[in-house]
Structure formats: structure tokens, C-alpha cells
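Asks:
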Amino acid sequence: ARLYDYLIVGAGLFGAVFARQAFQSGKKCLVIDKRPHKGGNIYCEDIDGLRVHKYGAHIFHTSQKEIWNYVNRFVEFNRFTNSPLAYYKGKLYNLPFNMNTFNRLWGVVSPEEARIKIEEQRRKYASLPEPANLEEQALKLCGEDIYQILIKGYTEKQWGRSANELPAFIIKRIPFRFTYDNNYFNDEYQGIPKGGYNLLIEGLLKDIEVKLNTDYFENRSYFDHLADKIVFTGCLDEFFNYECGPLEYRSLRFEHEQLEIVDFQGNAVVNYTEREVPYTRIIEHKHFEFGQQPFTIITREYPKAFAAGDEPYYPVNDSLNTAKVKKYKEKAAQFPHLLLGGRLAQYAYFDMDDTVEAALDLARRESLF
Ligand code: FAD
Numbered sequence: 004a005r006l007y008d009y010l011i012v013g014a015g016l017f018g019a020v021f022a023r024q025a026f027q028s029g030k031k032c033l034v035i036d037k038r039p040h041k042g043g044n045i046y047c048e049d050i051d052g053l054r055v056h057k058y059g060a061h062i063f064h065t066s067q068k069e070i071w072n073y074v075n076r077f078v079e080f081n082r083f084t085n086s087p088l089a090y091y092k093g094k095l096y097n098l099p100f101n102m103n104t105f106n107r108l109w110g111v112v113s114p115e116e117a118r119i120k121i122e123e124q125r126r127k128y129a130s131l132p133e134p135a136n137l138e139e140q141a142l143k144l145c146g147e148d149i150y151q152i153l154i155k156g157y158t159e160k161q162w163g164r165s166a167n168e169l170p171a172f173i174i175k176r177i178p179f180r181f182t183y184d185n186n187y188f189n190d191e192y193q194g195i196p197k198g199g200y201n202l203l204i205e206g207l208l209k210d211i212e213v214k215l216n217t218d219y220f221e222n223r224s225y226f227d228h229l230a231d232k233i234v235f236t237g238c239l240d241e242f243f244n245y246e247c248g249p250l251e252y253r254s255l256r257f258e259h260e261q262l263e264i265v266d267f268q269g270n271a272v273v274n275y276t277e278r279e280v281p282y283t284r285i286i287e288h289k290h291f292e293f294g295q296q297p298f299t300i301i302t303r304e305y306p307k308a309f310a311a312g313d314e315p316y317y318p319v320n321d322s323l324n325t326a327k328v329k330k331y332k333e334k335a336a337q338f339p340h341l342l343l344g345g346r347l348a349q350y351a352y353f354d355m356d357d358t359v360e361a362a363l364d365l366a367r368r369e370s371l372f
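All residue numbers in the sequence shown are consecutive under the UniProt record's numbering, ending with 372.
1. Verify whether the separation of the beta carbon atoms of His64 and Asp356 is less than 8 Å.
2. When you compare only the Cα positions, how much space is there between Lys57 and Leu347?
3. How many whole angstroms separate the CB atoms of Phe181 and Ile149, which I take to be in contact at a CB cut-off of 8 Å?
4. Touch check for the stretch 183 to 193 and the stretch 95 to 109: three-plus C-beta pairs under 8 Å?
5. Given a cut-off of 8 Å on the beta-carbon distance, is the pair Ala141 and Ile174 in contact?
6. With a 10 Å radius around its C-beta and 16 neighbouring C-beta atoms as the bar for buried, classify Leu153 as buried or exposed.
7. Please look up how many angstroms separate the CB atoms of Tyr219 and Ile35, rounded, as I've assumed it's under 8 Å.
8. Considering only C-alpha positions, which residue in the set Phe172, Tyr157 and His228 is nearest to Glu133?
9. Please report the residue range of the beta strand (DSSP E) in which Val359 lies.
10. Please confirm if the stretch 235 to 255 is in contact with the stretch 5 to 13, defined as three or more CB-CB distances below 8 Å between the two stretches.
11. Quick one: grab the DSSP three-state call for Asp227.
12. Please say whether Ala366 and Phe21 have beta carbons closer to each other than 8 Å?
13. Starting from the Cα of Val78, find the closest Cα among Leu53, Glu205 and Glu139 and give me that residue.
14. Under three-state DSSP, which class holds Arg176?
15. Report all residues from its chain with a CB closer than 7 Å to the CB of residue 3; omit the five preceding and five following residues, and keep chain order.
16. Rounded to whole angstroms, what's the CA-CA distance from Asp266 to Ala89? Just pull it up for me.
17. Inspect the beta-carbon positions of Glu360 and Ile70 and report whether they are closer than 8 Å.
18. Which residue or residues does DSSP assign as beta-bridge partners of Ile195?
19. Please determine whether the Cβ atom of Ala25 lies at a distance below 7 Å from any heavy atom of the ligand FAD.
20. Should Tyr91 and Thr299 be called a contact, given that it needs their Cβ atoms to be closer than 8 Å?
21. With 16 other CB atoms within 10 Å as the buried threshold, where does Gln24 fall?
22. Would you list, in sequence order, the uninterrupted beta strand (DSSP E) runs of no fewer than 3 residues that lie entirely inside the stretch 228 to 276?
23. Given the structure, does His64 come close to the ligand FAD, in the sense that its CB is under 7 Å from one of the ligand's heavy atoms?
24. Counting along the chain, where does the beta strand (DSSP E) carrying Lys214 start and finish?
25. Go to Pro114, then tell me how far its alpha helix (DSSP H) extends in each direction, as first and last residue.
26. Provide the residue(s) that pair with Val55 in DSSP beta bridges, ordered along the chain.
27. Judging by CA-CA distance, which residue of Ile45, Gly15, Asp227 and Asp49 is the nearest neighbour of Leu6?
28. Leaving out five residues on either side along the sequence, give the residues of the same chain with a beta carbon under 6 Å from the beta carbon of Ser28.
29. Give me whichever residues DSSP pairs with Glu34 in a beta bridge.
30. Between the Cα of Ser254 and the Cα atoms of Lys68, Glu314, Leu53 and Asp231, which residue gives the shortest distance?
31. If you count every other CB in all the chains shown that lies within 10 Å of the CB of Val112, and 16 or more means buried, which is it?
32. Roughly how many angstroms lie between the CA atoms of Phe229 and Gly198, to the nearest whole one?
33. With DSSP run on the structure shown, which of helix, strand or coil describes Asn97?
34. Report the CB separation of Leu53 from Lys330 in whole angstroms; it is logged as a contact under 8 Å.
35. Which of the three DSSP states is assigned to Leu342 in this structure?
36. Distance check for His340 and Arg368, CA to CA, integer angstroms please.
Next comes the structure, spelled out in C-alpha cells:
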């Protein structure tokens, strides 16, 4: 018999939830991670009690009561509500597009006035035939003002291309809200763990053996013989030695800065929608947890094309990559002891609640309940 029932590659949210279920069902697990910390991308660095989201701002939100109850078993959540702002040429606009935004843009006060104004803005572009690119698509959906002030520059920075060279399908619809509600998410539940995300991970991995600074690929043959089954949450293409070609990602670069002031922007998230400003967002971490520290830490977020050695943040779900993923998954199906999970191995954009759900589903399929 092998030493462990499960070797779990990756101490991120997926690996941690799966490990918890396996452990609770009496299975012997080893979790390894190549990083020097647990938590994967939800890890926060604690700087004198101020927690910095090192791999991008994370806000937990879900409409699934079971998922919400599940994470609340391990940590309590605060009442943080995501209400980002957009900064454009010295003015601030509320997001998502709602009555506060329309009031700021045009001075309209009632929902009726706002609807009329948006119709008027759109009318100019209504006769456009099939939109040929993202610019035409956006103009057709929201008209000139919202497009120029809140969409164009931000989108161009995000994709590293000008809007009239980007495909129209990137923007399918633009949701408008005709109330004065700045809550970004429509989900019933949201918040940030009280004391930070690391507590969630610590709770999930309590009493479970974890080895950090340990890369599966550096000792693959050893690890392959350690457990009956492997749950792999790293990159799908890397697992198969890039046999069907490398998968593409979008990456990000973060610039963290500590400032000896109490408050920099009065809000957790401010988007910068001007093309000329090189970053897309500034995150002020203390506001996720209503921090009272005498100092603050901000992070400027820069979009970045993915290059070897970068963190693979977002999958690029175009037809080429989708075809490669299909081939890789067919290969994976030939190994009954191999279980792929999480955003990297499934090459999917998973929010945290999707990740928890996927890990619980896999645990169920493994009869770990
Ligand atoms: P990861 O967190 O990536 O964990 C995988 C782990 O595997 C990593 O720790 C990695 O080091 C390890 N690993 C990989 N290869 C190896 C190897 N060869 N050997 C050993 N270990 C290995 N979701 C939300 O719900 N709300 C948000 O606001 C939100 N914001 C986000 C912002 C950004 C910028 C990004 C990128 C994602 C965001 N998400 C958000 C999604 C969220 O991060 C994911 O749902 C979640 O972290 C996925 O967990 P995971 O375990 O699948 O992957």
C-alpha cells in the first residue's frame, strides 16, 4: 500500500477544500505547494495587521447558500460590500452603471430621465449594421459618453489593443441599474473573512500535512508513487509537458506601496479608465476590513501580456486554447488515479465560490462525504 490516499498538488482554495473533505472522511492526505505559503492566489501578506492581497483583490461573493455556509464553518465574514469607483480626468463615477453614475454624467435625477438620456445616446448608433469591433458594439449598447469615459481606455489597457481592433463579442451586454445602488455584485452573500483569507485556509488545512516550497515537477517520479491518487491543481499544459502546445494566459503586474497616511482613496477599489494612466486599478487594502491603522498600503494593478515565468492569472478562452484543453483533458481521462481540479488544471475562470463548489463536487464523486 502507498503512504497516502491522496497527494494534493496545490495548497490553494481548491486543494484545501478537497483536502478537508478527504481528511474528514478518514483519508490520509499530503498537500504540497511550490510557493512558500498556503492559500494560492487568495493568500494575504500581513503587514502590522494590515492584510495585503498579494495576488489581486479578492472579494468573496455567492448566491449559493450551501457554499456560504460551508466557508462560514471555518471563518466569520465581515459586511464588506464591493462598490468600486471609476476615476476619469479628476472625476469619480460610481460602478456598476447605476443612477449615481447617470446623475454624475448628465445630472439626471429620476430613472425615467436616465432611460431617456441613454436612449438618446444610443440612437446615434442604432443604425450601425452588425458591429465589426468592440468599439462599435459598445457604442451601440451605451452610446458615446459612457463608452468614452468609462469603457474605452480601461478595456484598451486591459487587452493591450485599441478598441476598434478588438472583437465585438468581448462585450455582450452592458448592465444598467436604474436604482441608486452601488453594490457591484447581485449575489445574496458577500464579504471578506474577518482576520483575512489566511484564516479560511488555515481552518481548511487544520491538522493536514502540508509541505511548502515543494514543486511536484522537481520530483515527479517520487511523488507519483507516494499516493493512490493525485489531485493536481497546477497548470494543465505543464502536467503533460506541453505536448499539445502551451495554453495562453493573461497576466497582471502588481506594484505595492506603503504610505504613511491614514487614507489614500477612501475606498477599496478605484478603476482608472483613462488610457493615459498606465494602471487599471488602485486597491487600498485596509478598506476590505475597515482597517484603522495609522498607515495604508495601496496596490497599482497593471495588465500584462503573459510571458514564461509570469503568474498565469486569467485563461484565454478562445477557440485555439479551448481545442488544446479538450486534447489535454482526453489525455487526463486515461489516468484513473489522476484528478484535475481548480482554475489552472481546469483552465477555467473560477471565482472562489465556483472553486469551492468544484472541489466539493470532486469530493462527492470520490465519496468523501
Ligand atoms: P490557485 O489559488 O492558483 O492555487 C493553485 C496552487 O497550486 C498555487 O498555490 C500554486 O503555487 C500551486 N501549484 C501549481 N503548480 C504546482 C506544482 N507544480 N507543484 C506544487 N504546487 C503547485 N474570485 C472571487 O470569488 N472574487 C474575487 O474578487 C476574485 N478576484 C480575483 C482576482 C485575480 C487577479 C485573480 C487571478 C483571481 C480572482 N478570483 C476571485 C479567483 C480566485 O483567485 C480563484 O477562484 C481561486 O484562488 C482558485 O483557487 P485554486 O486552488 O484553483 O488555484
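Just so it is clear, CB atoms sit at the ideal spot from N, CA and C, and this is done for glycine as well.
Replies: The short version:
1. Position 61 of the sequence shown, counted from the start, is the residue given in the question as residue 64. Position 353 of the sequence shown, counted from the start, is the residue given in the question as residue 356. Taking 8 Å as the Cβ cut-off, His64 and Asp356 qualify as a contacting pair.
2. Taking the sequence shown and counting its residues from 1, one reaches residue 57 at position 54. Taking the sequence shown and counting its residues from 1, one reaches residue 347 at position 344. The C-alpha of Lys57 lies about 18 Å from the C-alpha of Leu347.
3. To locate residue 181, count along the sequence shown from 1; it is residue 178. To locate residue 149, count along the sequence shown from 1; it is residue 146. Not confirmed; about 14 Å, so no contact.
4. Three or more Cβ pairs drawn from the stretch 183 to 193 and the stretch 95 to 109 lie within less than 8 Å of each other, which places the two stretches in contact.
5. Position 138 of the sequence shown holds residue 141. Position 171 of the sequence shown holds residue 174. Their beta carbons are under 8 Å apart, which means Ala141 touches Ile174 by this criterion.
6. On the sequence shown, position 150 is the one that residue 153 refers to. It is buried - the Cβ of Leu153 has at least 16 other Cβ atoms within 10 Å.
7. Here residue 219 is taken as the residue at index 216 of the sequence shown, counted from 1. Here residue 35 is taken as the residue at index 32 of the sequence shown, counted from 1. Rounded to whole angstroms, the Cβ separation of Tyr219 and Ile35 is 6 Å, and the two are in contact under 8 Å.
8. For the purposes of this step, residue 133 is taken as the residue at position 130 of the sequence shown. Ranking Phe172, Tyr157 and His228 by Cα distance to Glu133 puts Phe172 first.
9. Counting from one through the sequence shown, the residue named residue 359 turns up at place 356. Bounds of any beta strand (DSSP E) do not take in Val359; it lies within the alpha helix (DSSP H) bounded by Met355 to Arg368.
10. With the cut-off at 8 Å, the stretch 235 to 255 and the stretch 5 to 13 touch.
11. Within the sequence shown, residue 227 is the residue found at index 224, counting from 1. Of the three classes helix, strand and coil, the one that applies to Asp227 here is helix, per DSSP.
12. For this step, residue 21 is matched to residue 18 along the sequence shown. For this step, residue 366 is matched to residue 363 along the sequence shown. In this structure, Ala366 lies closer than 8 Å to Phe21 by Cβ.
13. Numbered from 1 along the sequence shown, position 75 holds the residue referred to as residue 78. Considering only alpha carbons, the answer is Glu205.
14. Walking along the sequence shown from the start, residue 176 turns up at place 173. Coil at Arg176, not helix or strand.
15. In the structure as shown, the chain starts at 4 and stops at 372, and residue 3 therefore has no counterpart that could be examined.
16. Taking the sequence shown and counting its residues from 1, one reaches residue 266 at position 263. Taking the sequence shown and counting its residues from 1, one reaches residue 89 at position 86. Taking C-alpha positions only, Asp266 is separated from Ala89 by approximately 18 Å.
17. By one-based count along the sequence shown, residue 360 stands at place 357. By one-based count along the sequence shown, residue 70 stands at place 67. Yes, the Cβ-Cβ distance between Glu360 and Ile70 is below 8 Å.
18. Residue numbering aside, residue 195 sits at position 192 when the sequence shown is read from its first letter. Beta-bridge pairing by DSSP links Ile195 to no other residue.
19. On the sequence shown, residue 25 is found 22 positions in, with the first residue counted as 1. Ala25: no, Cβ never under 7 Å from the ligand FAD.
20. Translated into positions along the sequence shown, residue 91 becomes position 88. Translated into positions along the sequence shown, residue 299 becomes position 296. No, Cβ-Cβ distance for Tyr91 and Thr299 is not below 8 Å.
21. The residue you call residue 24 lines up with position 21 of the sequence shown. Classification for Gln24: buried.
22. Qualifying beta strand (DSSP E) stretches, in chain order: 230 to 235, 252 to 262 and 272 to 275.
23. For the purposes of this step, residue 64 is taken as residue 61 along the sequence shown, with counting starting at 1. Taking 7 Å as the cut-off, the C-beta of His64 counts as close to a heavy atom of the ligand FAD.
24. Here residue 214 refers to the residue found at position 211 of the sequence shown. Run containing Lys214: Glu212 to Lys214, per the beta strand (DSSP E) assignment.
25. If you number the sequence shown from 1, residue 114 lands on position 111. Where Pro114 is concerned, the enclosing alpha helix (DSSP H) stretches over Pro114 to Ala129.
26. The residue labelled residue 55 in the question sits at position 52 within the sequence shown. As DSSP reads the structure, Val55 sits in a beta bridge with Glu48.
27. Mapped onto the sequence shown, residue 6 falls at position 3. Considering only alpha carbons, the answer is Asp227.
28. On the sequence shown, position 25 is the one that residue 28 refers to. Within the same chain, Ser28 has close Cβ partners Leu371.
29. Within the sequence shown, numbered from 1, the residue matching residue 34 stands at position 31. Residue identity check: residue 34 is Val in the sequence provided, not Glu. Under DSSP, Val34 takes part in a beta bridge, and its partners are Ile11 and Val213.
30. Against the sequence shown, residue 254 aligns to sequence position 251. Per the C-alpha coordinates, the member of Lys68, Glu314, Leu53 and Asp231 positioned closest to Ser254 is Glu314.
31. Residue 112 sits at position 109 when you count from the first residue of the sequence shown. With a threshold of 16 other beta carbon atoms within 10 Å, Val112 falls short and is exposed.
32. For this step, residue 229 is matched to residue 226 along the sequence shown. For this step, residue 198 is matched to residue 195 along the sequence shown. Sequence check: residue 229 is Leu here, not Phe. Between Leu229 and Gly198, the C-alpha separation is close to 35 Å.
33. Position 94 of the sequence shown, counting from 1, holds the residue named residue 97. Asn97: strand per DSSP, three-state reduction.
34. For the purposes of this step, residue 53 is taken as the residue at position 50 of the sequence shown. For the purposes of this step, residue 330 is taken as the residue at position 327 of the sequence shown. By a beta-carbon distance limit of 8 Å, Leu53 does not contact Lys330. Their separation comes to about 45 Å.
35. On the sequence shown, residue 342 is found 339 positions in, with the first residue counted as 1. It is a strand residue.
36. Your numbering for residue 368 matches position 365 in the sequence shown. Your numbering for residue 340 matches position 337 in the sequence shown. If you take the alpha carbons of Arg368 and His340, they lie about 13 Å apart.
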